[in-house]
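Working notes, beginning with the structure itself.
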Amino acid sequence: MAAHPNRTEDLQQASFLTILVVVSLLMAVIVYPFAQPLLWAALAAIMFQPLYRRVLRRMRGRRNPAAGISLLIIFTLVLVPAGWIASMVVEQAIVLVATLQQQPVDVAAWFDTVYSALPEVAREAVDRSGWADVATVQSRLQALLAESAGMIASQAVSIGSGALGFFLSFGVGLYVMFFLLRDGERIGRTVLCAIPVERSIADRLAERFLGIVRATIKGTGVVALVQGALGWIALVIAGVPSALLFGVLMTIFALVPVIGAGAVWLPAGLWLLVTGATWQGIFVLLVGFFIISSSDNVLRPILVGRDTGIPDWIILVTTLGGISLVGFSGIVLGPLVAGLFLASWSILREQREEDEEAADREDAITVDASGHASAAAG
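Here the sequence shown is numbered in our numbering, starting from 7 and rising by one per residue.
Right under this line is the structure:
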């Protein structure tokens, strides 16, 4: 008879857990259309939390005005310039593609210049590989330009038609960021207390997560922005058209390990050399090799400090996988997931080591107690 209450309690607990899972899944499905703005709002709230605390001290603890002023500063100094740069980049991309269509690149002249500078062995290798068929390369390049123009035009149309959705997502992101700036720490503590994990493990996961966010955004995002800015300045000095577009491309490629900003400045420098702009090409290549490439090694330790890093090959795989899965947000989401994956397994290993050390101490105490008991009996 005493077993029935326990079975009833187990059934009630199982029913509650089922309801909890179903409601959580429904909540995830409902907020999924705004998943990306919520992600960026959460990351921004984490990164700009020091700004909010500074403003909060100036406002003498009034949280609502402090969050509002912090959001206004972020909007004015970060979001408005980013929107202006994005519009300039789209404009330069359209102009560049239209120019290349009206004035096609003379691949034959480039090929003759490079081909004549190659040694005899390299020329024979080029002839055997089939790359000497310049007409085919020229036709493929023209087809690529036509496809690029069509893609840019279709993207512009889709952005215009989806302007309402974009502004809605943007507004939701700003609205959520306000509350995350104001109540982020309290929400974090509530989540840590609610999740069904031992509190010490939850605290460690939260600490690792914050470190990963700082390492990803500060150590990767800021360095990429600096490299893109340096590349843009070098291209402007060299007189390269659409320099801002290529600077933004450098920033994007700099976010991906192994590839890096060299995927842009290296071809740009070689293109300048081939087209006869000798000092400009040498200048771009020297800036790329000695300034842009080395800025990562100089800035990352300063910005990241002792934050836990992730191996470059894991960042590369997770970044590309994140981009293919969720688009541009995957550049940040991929490394974050990888960092949490590594942190979780690291915490599990640490937990097992602590358990083994505790067991060894208990065994030592037991053996020591047994020895004392034997000595006393003797």
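Don't be surprised by glycine CBs; every beta carbon is placed ideally from N, CA and C.
Given the structure is predicted, the values throughout are model-derived calculations rather than measurements.
Taking Cβ positions, are residue 316 and residue 340 nearer each other than 8 Å? By 1-based counting over the sequence shown, the position of residue 316 is 310. By 1-based counting over the sequence shown, the position of residue 340 is 334. Taking 8 Å as the Cβ cut-off, residue 316 and residue 340 do not qualify as a contacting pair.
Can you find the residues in the same chain that come closer than 6 Å, C-beta to C-beta, to residue 293, ignoring five residues on each side of it along the sequence? What you label residue 293 is simply residue 287 of the sequence shown in a count that begins at 1. Cβ neighbours of residue 293 beyond the five flanking positions: 240.
What did DSSP end up calling residue 167 once you bin it into helix, strand or coil? Working through the sequence shown from its first residue, we reach residue 167 at position 161. Note that residue 167 has pLDDT 49, beneath the 50 cutoff, so the model's placement of it is unreliable and the number below is only indicative. If DSSP states are grouped into helix, strand and coil, residue 167 belongs with the helices.
Reducing DSSP to helix, strand and coil, say where residue 15 ends up. As a first step, residue 15 is located in the sequence shown; it is residue number 9 there, counting from the start. In this structure, DSSP gives residue 15 a helical state, which the three-state scheme calls helix.
What is the DSSP secondary structure of residue 281, reduced to helix, strand or coil? For the purposes of this step, residue 281 is taken as residue 275 along the sequence shown, with counting starting at 1. DSSP places residue 281 in coil when its eight states are reduced to three.
Determine, using beta-carbon pairs with one atom in the region 325-333 and one in the region 188-207, whether at least three such pairs fall under 8 Å. No: fewer than three Cβ pairs fall under 8 Å.
I think residue 188 touches residue 48, with their Cβ atoms under 8 Å apart; what is that distance to the nearest whole Å? Taking the sequence shown and counting its residues from 1, the one referred to as residue 188 is at position 182. Taking the sequence shown and counting its residues from 1, the one referred to as residue 48 is at position 42. Going by Cβ atoms, the distance from residue 188 to residue 48 rounds to 13 Å, so no, they are not a contact pair.
May I have the straight-line CA-CA distance separating residue 278 from residue 284, to the nearest angstrom? In the sequence shown, residue 278 corresponds to position 272, counting from 1. In the sequence shown, residue 284 corresponds to position 278, counting from 1. Distance from the CA of residue 278 to the CA of residue 284, rounded to the nearest whole angstrom, comes to 7 Å.
Indicate the three-state DSSP secondary structure (helix, strand or coil) for residue 71 in the structure shown. The residue labelled residue 71 in the question sits at position 65 within the sequence shown. Looking at residue 71 - three-state DSSP - the assignment turns out to be helix.
Can you say whether residue 19 is buried or exposed, counting buried as having 16 or more other CB atoms within 10 angstroms of its CB? Start at 1 with the first residue of the sequence shown, and residue 19 comes out as number 13. Counting of Cβ neighbours within 10 angstroms places residue 19 among the exposed residues, the total staying below 16.
Check whether the Cβ atoms of residue 102 and residue 247 lie closer than 8 Å to each other. The residue you call residue 102 lines up with position 96 of the sequence shown. The residue you call residue 247 lines up with position 241 of the sequence shown. Their beta carbons are under 8 Å apart, which means residue 102 touches residue 247 by this criterion.
Cβ of residue 301 within 8 Å of any chain C Cβ: Among the chains of the structure shown, chain C does not appear; only one protein chain is present.
N- and C-terminal bounds of the alpha helix (DSSP H) containing residue 45: In the sequence shown, the residue the question calls residue 45 occupies position 39. Secondary structure note for residue 45: its alpha helix (DSSP H) is the uninterrupted segment 41-53.
Quick check on residue 266: does DSSP put it in helix, strand or coil? Here residue 266 is taken as the residue at index 260 of the sequence shown, counted from 1. Three-state result, residue 266: coil.
Going straight from the alpha carbon of residue 238 to that of residue 27, what length do you get? Here residue 238 corresponds to residue number 232 of the sequence shown, with the count starting at 1. Here residue 27 corresponds to residue number 21 of the sequence shown, with the count starting at 1. So the alpha carbons of these two residues sit roughly 50 Å apart.
Element boundaries [alpha helix (DSSP H), containing residue 215]: Working through the sequence shown from its first residue, we reach residue 215 at position 209. Residue 215 -> alpha helix (DSSP H) spans 205-222.
Can you name, in chain order, every residue of its own chain whose Cβ lies under 6 Å from the Cβ of residue 230, other than the five neighbours on each side? In the sequence shown, the residue the question calls residue 230 occupies position 224. Cβ within range, chain order: 257, 260, 261.
With 16 other Cβ atoms within 10 Å as the buried cut-off, status of residue 319: Taking the first residue of the sequence shown as 1, we reach residue 319 at position 313. It is exposed - the Cβ of residue 319 has fewer than 16 other Cβ atoms within 10 Å.
My output table needs one value for residue 333: the three-state DSSP class, helix, strand or coil. The count along the sequence shown starts at 1 and reaches residue 333 at position 327. Helix, per DSSP.
Three-state secondary structure (DSSP) at residue 246? Sequence index remark: in the sequence shown, residue 246 carries index 240 (1-based). Residue 246 carries a coil assignment under DSSP once its states are collapsed to helix, strand and coil.
Segment contact, 8 Å Cβ cut-off, at least three pairs: the region 248-255 with the region 214-228: The region 248-255 is not in contact with the region 214-228.
Does DSSP put residue 65 in a helix, a strand or coil? Indexing the sequence shown from 1 puts residue 65 at position 59. Three-state result, residue 65: coil.
Can you list, in chain order, the residues of its chain whose CB lies under 6 Å from that of residue 214, leaving out five sequence neighbours each side? For this step, residue 214 is matched to residue 208 along the sequence shown. 349.
Taking the straight line between their C-alpha atoms, what separation do you get for residue 90 and residue 98? Counting from 1 along the sequence shown, the entry for residue 90 is found at position 84. Counting from 1 along the sequence shown, the entry for residue 98 is found at position 92. Each residue's Cα considered, the two are about 12 Å apart.
Measuring alpha carbon to alpha carbon, tell me which residue in 324, 71, 301, 92 is nearest residue 342. By 1-based counting over the sequence shown, the position of residue 342 is 336. Of the candidates 324, 71, 301, 92, the one whose C-alpha sits nearest the C-alpha of residue 342 is 324.
Can you find the residues in the same chain that come closer than 7 Å, C-beta to C-beta, to residue 360, ignoring five residues on each side of it along the sequence? Taking the sequence shown and counting its residues from 1, one reaches residue 360 at position 354. Excluding residues up to 5 positions away in sequence, nothing lies with its Cβ nearer than 7 Å to the Cβ of residue 360 in the same chain.
Member of 302, 52, 37 whose CA lies at the smallest distance from the CA of residue 80: Residue mapping note: residue 80 aligns to position 74 of the sequence shown, counting from 1. Checking every option, the nearest Cα to that of residue 80 belongs to 52.
DSSP-derived helix/strand/coil call for residue 341: In the sequence shown, residue 341 corresponds to position 335, counting from 1. Residue state, collapsed to three classes: helix.
Could you give the DSSP three-state label for residue 276: helix, strand or coil? Your numbering for residue 276 matches position 270 in the sequence shown. Helix, per DSSP.
Under a three-way DSSP split, which group does residue 31 fall into? The residue given as residue 31 occupies position 25 in the sequence shown. Residue 31 sits in a helix when the DSSP states are folded into three classes.
Might you give, ordered along the chain, the residues of its own chain that have their beta carbon closer than 6 Å to the beta carbon of residue 71, omitting 5 neighbours on each side? Looking up residue 71 in the sequence shown gives position 65. Correct list, in chain order: 65.
Out of 298, 352, 40, 17, which has the shortest C-alpha to C-alpha gap to residue 173? Along the sequence shown, read from residue 1 onward, the residue named residue 173 stands at position 167. Closest by C-alpha distance to residue 173, out of 298, 352, 40, 17, is 40.
Which value, in whole angstroms, describes the spacing of the CA atoms of residue 337 and residue 299? Walking along the sequence shown from the start, residue 337 turns up at place 331. Walking along the sequence shown from the start, residue 299 turns up at place 293. Going from the Cα of residue 337 to the Cα of residue 299 covers about 20 Å.
For residue 291 and residue 180, believed in contact at Cβ under 8 Å, the rounded distance: Position 174 of the sequence shown, counting from 1, holds the residue named residue 180. Position 285 of the sequence shown, counting from 1, holds the residue named residue 291. Not really, about 42 Å apart at Cβ, beyond 8 Å.
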